[in-house]
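A.B. asks:
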Amino acid sequence: MGRSGGAHRLKNQRAAKQPSRVRKRLSRAVMALASAVAVGITGAGYWVAHGALGGITISQALTAEDPRSTGDSMNILLIGLDSRKDQEGNDLPWSILKHLHAGDSDQGGYNTNTLILVHVGGDGKVVAFSIPRDDWVPFSGVPGYNHIKIKEAYGLTKQYVANQLANQGVSSQRELEARGREAGRTATLRAVRSLTGVPIDYFAEINLAGFYDLAQTLGGVDVCLNHPVYDSYSGADFPAGRQRLDASQALSFVRQRHGLENGDLDRTHRQQAFLSSVMHDLQDSGTFTNLDRLNSLMAVARKDVVLSAGWDEGLFRRMGELAGGPGESQVEFRTLPVVRYDNIDGQDVNIIDQAAIKAEIAAAFGTATPSTAPATTSAKPNPSTVVDVINAGSISGMASQLSTALKKRGYTAGQVRDRESGDPSYTTIQYGAGAEADAQNIATVLGVDAPKQPDSSISPGHIRVTVDTNFSLPDADDTTTSTTTTTTTSKANTYYYNGTATTYPTPDHGKPIDGGGVPCVN
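Each position in the sequence shown, counted from 1, maps to that position plus 120 in this note's numbering.
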């Protein structure tokens with residue numbers, strides 16, 4: 121990870137031409153960039169066009185080998201990091217922490233408590249999907265973990281890589297922090313790609329203090345609440361109705377989850393409302409004709425924001441051309457569906473249907489790829505492909521149940537047995553030559569990843585599915601998946617974990633929120 125020297129790449133004469141038109145384009149870009157703009161990219165966008173982006177931290181976590189969108193569309197991942205540390209790993213000063221109502225640097229770790237996938241279509245339409253932070257997803261790369269809350273991918277990987285580097289003799293705290301965070305970003309990108317089935321073209325990351333700094337720079341944020349709230353954990357204590365919050369109150373507003381009807385999903389809607397309000401404020405307040413305010417926004421970006429490589433004048437100009445003018449918001453905030461809440465190993469988690477999520481995103485983004493197509497349109501199983509199932513968990517008969525379910529879906533049943541020495545101890549899929557398509561389809565059904573290459577130890581035309589006590593068992597007679605474009609989900613599958621399964625009411629995901637206003641939320 122390095123520092124940007126963006127100024128030297130831009131021709132000075134461009135900045136001198138029609139500054140008012142540049143400002144107008146970039147103010148419209150606020151609407152299209154949605155929350156990326158709201159965390160400091162607003163200021164960055166202006167200064168890119170004026171050749172002064174130096175000082176923004178640039179990440180190389182997105183590589184040339186990573187998949188990219190085709191055509192005129194693009195996907196941007198917005199990462200909100202719940203860390204009480206600065207970019208170099210130093211504790212935030214108490215003068216800041218006391219305003220955050222967020223404890224000290226020992227709390228929060230490096231969880232990504234905000235993940236928003238923004239899709240900018242070729243037609244200028246912008247859809248921003250919030251990913252609930254407690255979604256229970258498959259995970260690899262850190263020994264001892266095969267499923268985690270998606271928010272944990274960053275911190276677990278960061279710590280694991282930093283420990284490995286320290287064991288190899290790296291002693292610089294700055295280097296350990298930088299390389300650990302890069303690994304965390306890479307893991308987060310991988311987890312989101314796996315969950316959603318779509319590529320990520322750019323990302324922007326902001327730390328906890330950035331939300332506070334942004335609200336402070338704007339002189340507060342307007343919000344609207346359906347009900348009065350009080351929460352001692354976050355410091356939230358607000359009446360019902362529309363009101364203007366100062367920076368400290370605004371952070372409490374976006375962090376509260378206790379005492380809310382829909383818990384963390386209501387917190388997600390709070391974040392969307394905050395970003396929508398910021399977009400509204402930036403548009404209506406004349407920010408892009410106020411150089412003092414622009415300087416303050418740029419200071420927030422330099423201190424609190426990390427960008428992937430590739431943010432440049434061309435990107436911001438395109439965003440300005442795509443976005444609508446004042447009062448013509450084309451941003452819609454939505455939330456990925458959750459099947460139910462559950463508790464696993466003492467952790468409150470969201471049980472999800474990955475196939476339904478991929479189908480909903482494909483419908484919203486206007487894409488249809490093998491990884492995102494609804495289950496009803498997936499390739500018919502090859503009758504010559506044999507699927508062996510190994511039970512690596514503690515529930516007797518689990519492999520037999522899965523084999524039966526897959527057989528009823530059209531797959532040819534093979535060997536069914538318990539795990540032996542040398543077999544994987546976690547849910548995984550291996551396949552031999554010629555069985556890749558069926559392996560990918562089964563992986564989608566189970567909500568896990570399949571390897572990109574065949575395994576030479578597996579016979580051609582064979583698939584070996586190993587399951588522990590932590591996976592989603594497909595219904596034997598249900599091959600349909602919801603493809604609705606509203607915030608609903610398909611019916612819950614049976615979910616096994618350590619021999620228990622509980623049923624909760626389907627969570628309320630709320631209605632989509634149009635960006636550029638001050639919506640009322642719980």
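Glycine included, each C-beta is placed from N, C-alpha and C at the ideal position.
Since the structure is predicted, the reported quantities are computational estimates derived from the model, not experimental observations.
Per DSSP, what are the beta-bridge partners of residue 550 in this structure?
C.D. replies: Per DSSP, 584.
A.B. asks: Confirm, please, whether the CB-CB distance from residue 247 to residue 381 is below 9 Å.
C.D. replies: No. Outside cutoff.
A.B. asks: My understanding is that residue 275 touches residue 229, with C-beta atoms under 8 Å, so please give their C-beta distance in whole angstroms.
C.D. replies: Right, their Cβ atoms sit about 5 Å apart.
A.B. asks: Mind listing, in chain order, the continuous beta strand (DSSP E) runs of no fewer than 3 residues lying wholly within the region 208-281?
C.D. replies: Correct list: 232-240, 246-250, 256-258, 267-269.
A.B. asks: Helix or strand or just coil, what does DSSP make of residue 329?
C.D. replies: Looking at residue 329 - three-state DSSP - the assignment turns out to be helix.
A.B. asks: Residues in the same chain with beta-carbon distance under 6 Å from residue 391, minus the five sequence neighbours each way, listed in chain order, please.
C.D. replies: Result list for residue 391: 234, 374, in chain order.
A.B. asks: Could you tell me which of 480, 479, 586, 347 sits nearest to residue 542, measuring between CA atoms?
C.D. replies: Of 480, 479, 586, 347, the residue nearest in Cα terms is 586.
A.B. asks: Note down the Cα distance separating residue 370 from residue 249, rounded to an integer number of angstroms.
C.D. replies: The straight-line gap from Cα to Cα measures roughly 21 Å.
A.B. asks: Look up residue 206 in the DSSP assignment and say whether it is helix, strand or coil.
C.D. replies: DSSP places residue 206 in coil when its eight states are reduced to three.
A.B. asks: What does the alpha-carbon distance come out to for the pair residue 534 and residue 501?
C.D. replies: If you take the alpha carbons of residue 534 and residue 501, they lie about 14 Å apart.
A.B. asks: On the three-state DSSP scale, how would you describe residue 505?
C.D. replies: Coil.
A.B. asks: Does the contact criterion of 3 or more C-beta pairs under 8 Å hold for the region 179-188 versus the region 198-207?
C.D. replies: Contact between the region 179-188 and the region 198-207 is absent, because fewer than three Cβ pairs lie under 8 Å.
A.B. asks: With DSSP run on the structure shown, which of helix, strand or coil describes residue 320?
C.D. replies: Coil, per DSSP.
A.B. asks: Shortest alpha-carbon distance to residue 466 belongs to which of 254, 197, 217?
C.D. replies: Nearest option by C-alpha distance: 254.
A.B. asks: Quick one, which of 505, 576, 588 has its alpha-carbon nearest residue 540's?
C.D. replies: Of the candidates 505, 576, 588, the one whose C-alpha sits nearest the C-alpha of residue 540 is 588.
A.B. asks: Note the first and the last residue of the continuous beta strand (DSSP E) segment covering residue 77.
C.D. replies: In the structure as shown, the chain starts at 121 and stops at 642, and residue 77 therefore has no counterpart that could be examined.
A.B. asks: Check whether the Cβ atoms of residue 520 and residue 536 sit closer than 9 Å, and answer yes or no.
C.D. replies: Their beta carbons are under 9 Å apart, which means residue 520 touches residue 536 by this criterion.
A.B. asks: Hey, residue 281 and residue 269: beta-carbon distance below 9 Å or not?
C.D. replies: Not in contact: residue 281 and residue 269 (Cβ atoms no closer than 9 Å).
A.B. asks: What does the alpha-carbon distance come out to for the pair residue 642 and residue 350?
C.D. replies: Roughly 12 Å separates the two Cα atoms.
A.B. asks: What's the call for residue 304, buried or exposed, on a 16-neighbour Cβ count within 10 Å?
C.D. replies: Result: buried.
A.B. asks: Please check the pair residue 197 and residue 312, which I expect to be a contact at CB under 8 Å, by giving their CB distance rounded to whole angstroms.
C.D. replies: Confirmed, Cβ separation roughly 6 Å.
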